[in-house]
Structure formats: C-alpha cells, structure tokens
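When we follow our numbering, the leftmost residue of the sequence shown carries the number 5, and every step to the right adds one.
Idealized CB from N, CA, C, for every residue including glycine.
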Amino acid sequence: MTAIQDMTGLVLAGGRGSRMGGVDKGLQTFHGVPLALHALQRLQPQVKTCMLNANRSLDAYAAFGVPVHTDMLADYAGPLAGFLTGLSHCTTSWLLTVPCDSPRFPHDLAQRMAATAAKENALIVLAAGPETGPDGSLQMRSQPVFALLHHSLRPSLQAFVSEGGRKIDAWSRQHPQALCHFDEPGDDPQAFANANTLDELQALQNE
C-alpha cells in the first residue's frame, strides 16, 4: 500500500509569472496569505514532509519554514524541472507535487492519489478534475502538475530533460501511470482552478 507517511510534498513556485506581468506568483496573496504559503499549509497535514521549489525571492520563501530548492535546469524550464528537483531531494518513496496557484486543491489529495497508485500499481498518478468544455458540459481533464511520482523515476526524468524534453505527458506515458478522479459527490468542482492572472486570482478569492 502506498502510504502518505512515505510521501514528500513539493509546492511548485518556480515559474516566471509571465501572465501576471512577471511578478513572483507564489508571493501574491490569497485571502491575505501568499499563494505558496497557502499551498504549503494545505499540503503539510497530508504528507510526511514538505519542500518548496522556487527560482527567485529565495529569502521570502525560506521564511515559510521548509527547505527551498531552485531548479536543477536553467532558464525556467517548466514543471518537469521542478519535478526533477523534487525527486533529487526527496528522501521518501513518493513525491507529491502541487502548483502554488491552485489554492483550492483537495484536502484529501494525498490520500486519494496514494490509493490510486496502490490500486493501479502505478509509478505516476495524475489528478483529474471536471472542467467546462466548449459546449458547456463538464468534462474530466487531467491536471498534470498535480502528480504523485515514485522516487525511482528520477533517472528516467533526468535523461528525458537532458534530451530537451519538457512536456509532462510525453514523459509520463513512458511509465505505468493512472488518473485519480476528483469528481465524487462533495468534491469541489473548482478544486484545480488556477490563477494565471491577477484577475483570475481575484475571481477565486471572490467565490
């Protein structure tokens, strides 16, 4: 059984924040709390230990009280760079990643992702949540930055990014993977809504 006690949480806050005008997204506030700290506080009760991935404002992030690691790849190489950094510093069997800009992610994310990994015998589990499609209907969509990764994947990911790979799905489909669906009664339909812009952040706060 995949146990959450054998899981490290990683908050991803290493992006450019280009759609927010270049500001450090993880330090923008959600109900008065920096997004990255809000994510950290939501994740910490779910896992054994936590760390944070950031590429600037390192002193500010260090004040949150967990280890802060910069990308092992240069030039803001995207989520896979954060994944690789997390796997390289992870001392548990599993790494659970969450972005800093989806403040309503589930309180039982780790538990359900772990259960899916055990049930499906998967090395990678990606979250999936409902999203309104072009026709107005709800459709399930994977949320690949919400990922549960087994520590044994690090050499594979290192090789993939060393060859220039940057797409999560192009790498993840090379391994046994599964989707964990968050569409049960009582699940928040906006659990994976993310704030790419300041307007979107304000909208999430107002809901």
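CB residue i to CB residue j, shorter than 8 Å?
| i | j | result |
| --- | --- | --- |
| A182 | T120 | yes |
| L56 | L39 | no |
| P212 | H42 | This structure cannot settle anything about residue 212, because the visible part of the chain is limited to 5 through 211. |
| G13 | L47 | yes |
| T89 | D75 | yes |
| L127 | P71 | no |
| R158 | L77 | no |
Does residue i come out as helix, strand or coil in the three-state DSSP assignment?
| i | result |
| --- | --- |
| M11 | strand |
| H111 | coil |
| V70 | coil |
| A4 | What the structure shows of the chain is the stretch from 5 to 211, and residue 4 is not part of that stretch, so it cannot be assessed. |
| A58 | strand |
| S166 | helix |
| S176 | helix |
| L77 | coil |
| Q206 | helix |
| D192 | coil |
| G140 | coil |
| S92 | helix |
| S160 | helix |
| G86 | helix |
| E124 | helix |
Per DSSP, residue i is paired with what?
| i | result |
| --- | --- |
| L99 | T12, L153 |
| S146 | A132 |
| N200 | Its beta-bridge partners do not exist; DSSP assigns none. |
| A182 | V129 |
Q. Taking contact to mean at least 3 C-beta pairs separated by less than 8 Å, is the stretch 25-37 in contact with the stretch 82-99?
A. no
Q) Is the stretch 146-160 touching the stretch 119-133 in the sense that three or more CB pairs, one from each, lie closer than 8 Å? A) yes
Q: May I have a chain-ordered list of the alpha helix (DSSP H) segments no shorter than 4 residues that lie completely inside the stretch 22-56?
A: 39-47
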